[in-house]
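Peer 1: Below you'll find the structure I mean.
2 protein chains.
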Amino acid sequence: MATEALSIERMNAAAGEATAILRALANESRLLLLCQLSNGELCVSDLEERLDIHQPTLSQQLGVLRTEGLVTTRREGKKIFYSIRDTRVLTLLRTMYEVFCPKAERG
Amino acid sequence: MATEALSIERMNAAAGEATAILRALANESRLLLLCQLSNGELCVSDLEERLDIHQPTLSQQLGVLRTEGLVTTRREGKKIFYSIRDTRVLTLLRTMYEVFCPKAERG
DNA sequence: GGCGCATTATCGTTTACTATATATTTGCCG
DNA sequence: CGGCAAATATATAGTAAACGATAATGCGCC
C-alpha cells in the first residue's frame, strides 16, 4: 500500500520527457543552480558569486536549462535575471530535498 | 508558501549523492527498468521481454544500478531476480509519476 | 567608444551508450 | 562425471554526447 503500482504504459509514454529533465538535473552545478533559483530569481552574477563556477561555464549550464524550458529570463539593464519556469522542477526539487537532505531541525 | 525555501547548505552537502542517483535515473532504459521493478521483483529475462532491450545491454544497465546500490539481486536456480533496494528511488519514482504521467483516470 | 554583464563559439578530454563477442554459472541429461 | 543448453555477466570497441576551459562576440549603458 505504501507502494501503489505505477502504470507502466504511462511511464513508458512519459519516459522521454522525464529523462530529458532528469538529465538536466543530473549535474551538480545545474542542480545547485536550480536550488538557488528555487528561492527566487537571481541574475547571472549573483549565481556566479554563490556557486563557484566560472561565468562562461555558468552561462552554458543556464543555456541547457533554457533549452529544456526549465527556466526563463528577464532583462533589467545590463543584468539578466533567471527564474524557474517549469513548476515540475520545483516539485522534483522539493522531493529531492526531502529525500536527500537530513531533516535534523526542520519544522 | 507553496514554495518553502530549501536550505542551500543542505542541498550543497547532498548534491553529490543526489546527482549520482539522478544520473542513474536519467536514462530511458534504466528509468523504465526501475519502473518495472517498482511493482515488484523481476528476473532479467522478464525485463528483457517487457522492455525492448538486448540482453547484454540490459545486464549492463542493471550493473549500473547495482553499482549505485539502487537494486539488489536474489538467485533462484538459473534466474536472477532484481528488486529495488534504495527506497529513495521509490520515492523519486512516485513523484516522477505524479509529475509526468497524466492523471486522467487515477483513483 | 569603452566598460560591464552575459552569451556563443571552439576545442580537447572524459564519460556514456550500445552493439558484438566471449565468459561464467547453473541445471539437466546421458 | 562430461557435455550441452539456458540465463546472466563481463570484455571490448566504436560512436556519440557531456563537460569545462579559453577565446571571441553581443548588448546596454555612460
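Listed in order, the protein sequences are those of chains A and B. One point on numbering: in UniProt numbering, the residue at position 29 of the first sequence is 29, and numbering is uninterrupted. One point on numbering: in UniProt numbering, the residue at position 48 of the second sequence is 48, and numbering is uninterrupted. Every residue gets a Cβ at the ideal spot worked out from N, C-alpha and C, and that includes glycine. These figures come from a predicted structure and were not determined experimentally.
#1: Per DSSP, what kind of secondary structure is residue 41/B in: helix, strand or coil?
#2: By a C-beta neighbour count over all protein chains shown, 10 Å radius and 16 as the cutoff for buried, is residue 29/B buried or exposed?
#3: For chain A, is any of its Cβ atoms less than 8 Å away from the one on residue 81/B?
#4: Taking the straight line between their C-alpha atoms, what separation do you get for residue 70/A and residue 84/A?
#5: Are residue 5/B and residue 32/A closer than 8 Å when you measure CB to CB?
#6: Can you check whether the CB of residue 24/B is closer than 8 Å to the CB of residue 65/B?
#7: How should residue 19/A be labelled, buried or exposed, when 16 other C-beta atoms within 10 angstroms of its C-beta is the threshold for buried?
#8: Would you mind reading off the limits of the beta strand (DSSP E) that contains residue 74/B?
#9: Just verifying my parser: in three-state terms, what is the DSSP assignment at residue 29/A?
#10: Measure the C-alpha to C-alpha separation of residue 12/A and residue 76/A and round it to an integer number of angstroms.
#11: Rounded to whole angstroms, what's the CA-CA distance from residue 101/B to residue 89/B? Just pull it up for me.
#12: Does any residue of chain A bring its CB to less than 8 Å from the CB of residue 95/B?
#13: Determine the direct distance from the alpha carbon of residue 36/B to that of residue 44/A, and round the result to whole angstroms.
#14: Run through the DSSP bridge pairs and tell me what residue 82/B is partnered with.
#15: Pick helix, strand or coil for residue 53/A, following the three-state DSSP scheme.
#16: Assign residue 55/A to buried or exposed, taking buried as 16 or more other Cβ atoms, counted over all protein chains shown, within 10 Å of its Cβ.
#17: For chain B, find out if any of its Cβ atoms is closer than 8 Å to the Cβ of residue 99/A; answer yes or no.
Peer 2: Inspection of the coordinates gives the following:
#1: As a first step, residue 41/B is located in the second sequence; it is residue number 41 there, counting from the start. Three-state DSSP puts residue 41/B in coil, outside helix and strand.
#2: If you number the second sequence from 1, residue 29/B lands on position 29. Its Cβ being crowded by 16 or more others within 10 Å, residue 29/B is buried.
#3: In the second sequence, residue 81/B corresponds to position 81, counting from 1. No, its Cβ sits nowhere closer than 8 Å to a Cβ of chain A.
#4: By one-based count along the first sequence, residue 70/A stands at place 70. By one-based count along the first sequence, residue 84/A stands at place 84. Each residue's Cα considered, the two are about 6 Å apart.
#5: By one-based count along the second sequence, residue 5/B stands at place 5. By one-based count along the first sequence, residue 32/A stands at place 32. The answer is no: Cβ separation not under 8 Å.
#6: As a position in the second sequence, residue 65/B is number 65, starting the count at 1. As a position in the second sequence, residue 24/B is number 24, starting the count at 1. Yes, the Cβ-Cβ distance between residue 65/B and residue 24/B is below 8 Å.
#7: Position 19 of the first sequence, counting from 1, holds the residue named residue 19/A. Flag for residue 19/A reads buried.
#8: Residue mapping note: residue 74/B aligns to position 74 of the second sequence, counting from 1. Where residue 74/B is concerned, the enclosing beta strand (DSSP E) stretches over 71 to 76.
#9: Locating residue 29/A in the first sequence gives position 29, where the first residue counts as 1. Note: residue 29/A maps to helix in three-state DSSP.
#10: Position 12 of the first sequence, counted from the first residue, corresponds to residue 12/A. Position 76 of the first sequence, counted from the first residue, corresponds to residue 76/A. So the two alpha carbons sit approximately 42 Å from each other.
#11: Indexing the second sequence from 1 puts residue 101/B at position 101. Indexing the second sequence from 1 puts residue 89/B at position 89. For residue 101/B and residue 89/B, the distance between alpha carbons rounds to 17 Å.
#12: As a working mapping, residue 95/B is identified with position 95 in the second sequence. Yes - at least one Cβ of chain A is within 8 Å of the one on residue 95/B.
#13: Taking the first sequence and counting its residues from 1, the one referred to as residue 44/A is at position 44. Taking the second sequence and counting its residues from 1, the one referred to as residue 36/B is at position 36. Each residue's Cα considered, the two are about 41 Å apart.
#14: Numbered from 1 along the second sequence, position 82 holds the residue referred to as residue 82/B. For residue 82/B, which the question treats as bridged, DSSP gives the partners 42/B and 73/B.
#15: As a position in the first sequence, residue 53/A is number 53, starting the count at 1. Of the three classes helix, strand and coil, the one that applies to residue 53/A here is coil, per DSSP.
#16: Translated into positions along the first sequence, residue 55/A becomes position 55. With fewer than 16 other Cβ atoms within 10 Å, it is exposed.
#17: Within the first sequence, the letter at position 99 stands for residue 99/A. Output row for residue 99/A: interface = yes.
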